[in-house]
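Undergrad: I am attaching a structure below and will ask some questions about it afterwards.
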Amino acid sequence: MKSIASCLCKKITFEVNSFLESFGHCHCNMCQKFHGAAFSTFIEVKKIDLHWLSGEVLLKEYRADNGTVRTFCSCCGSSLLFESKYNRNENTIEVALAAFDSITGVHADAHIYTESKVGWFDINDNLPQHRQYRS
Ligand SMILES: [Zn+2]
Ligand SMILES: [Zn+2]
Numbered sequence: 002m003k004s005i006a007s008c009l010c011k012k013i014t015f016e017v018n019s020f021l022e023s024f025g026h027c028h029c030n031m032c033q034k035f036h037g038a039a040f041s042t043f044i045e046v047k048k049i050d051l052h053w054l055s056g057e058v059l060l061k062e063y064r065a066d067n068g069t070v071r072t073f074c075s076c077c078g079s080s081l082l083f084e085s086k087y088n089r090n091e092n093t094i095e096v097a098l099a100a101f102d103s104i105t106g107v108h109a110d111a112h113i114y115t116e117s118k119v120g121w122f123d124i125n126d127n128l129p130q131h132r133q134y135r136s
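Residue 136 is where the sequence shown ends in our numbering, and the numbering goes up by one at each step.
Structure (C-alpha cells):
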C-alpha cells in the first residue's frame, strides 16, 4: 500500500511503497534541533521504495560533522529525510514519519538516545528506552 507524504508548503511530495519494520523515537540533540521538537521519529525505507512526485529540486541537504545528512524543504523548512553511513551501506533512507498525510499500521518500538532527552518532556509509554542507539 502506498503512503503519500508532503512538506508543510506541499511543494515537495513523495510516496513510499513499503516501510521497514522497526523504528524508534530519537531524542538526540541533533534530531531535536532539526525537528524543532522534543524528539524525532524517522521510519526506514528502501531507497527503491521511495518515489518523488513533485518538488525534488527544492530539497536541501545539511551534512553534519559526523557524516549524517539531513534533508529539508528549502521553501518551508520541513525536515524530511535522514541518512547515515548505515543507511548508505544498506541502501535505505529514513523518512520523517510526520510528513505522511495519513499512515496507519505502524508503531514505534523504542526510544533511543534518551541520555539527551529534554527535561520538559516525559516518556509515559512502556517502550524500551536506550541511552544511545538500540543495542
Ligand atoms: Zn515545503
Ligand atoms: Zn536523533
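For glycine and all other residues, C-beta sits at the position ideal for the given N, C-alpha and C.
On the DSSP bridge assignment, give the partners of F83 in chain order.
TA: R71, E95
Undergrad: Would A111 and G25 qualify as a contact pair, given that the criterion is a beta-carbon distance under 7 Å?
TA: yes
Undergrad: Looking only at DSSP bridge pairs, what is G78 linked to?
TA: Note: G78 is not bridge-paired with any residue in the DSSP secondary-structure output.
Undergrad: Within the chosen definition, does the segment 36–45 reach the segment 90–98 through at least 3 CB pairs nearer than 8 Å?
TA: yes
Undergrad: For the alpha helix (DSSP H) containing C32, list its first residue and its last residue.
TA: 30–36
Undergrad: Please report how far the alpha carbon of C27 lies from the alpha carbon of I49, in whole angstroms.
TA: 24 Å
Undergrad: Would you say the beta carbon of C8 is closer than 6 Å to some non-hydrogen atom of ligand 2?
TA: no
Undergrad: Could you name the residues of the same chain whose beta carbon sits closer than 8 Å to that of G68, not counting the 5 residues immediately before and after it, in chain order?
TA: S85, K86
Undergrad: By Cβ distance below 6 Å, which residues in the same chain neighbour Q130 in space, the five residues on each side in sequence not counted?
TA: H112, T115
Undergrad: Measure from the alpha carbon of C77 to the alpha carbon of each residue in L60, D102, V46, T93, then state which is nearest.
TA: L60
Undergrad: Could you check whether the Cβ of I49 sits closer than 6 Å to any heavy atom belonging to ligand 1?
TA: no
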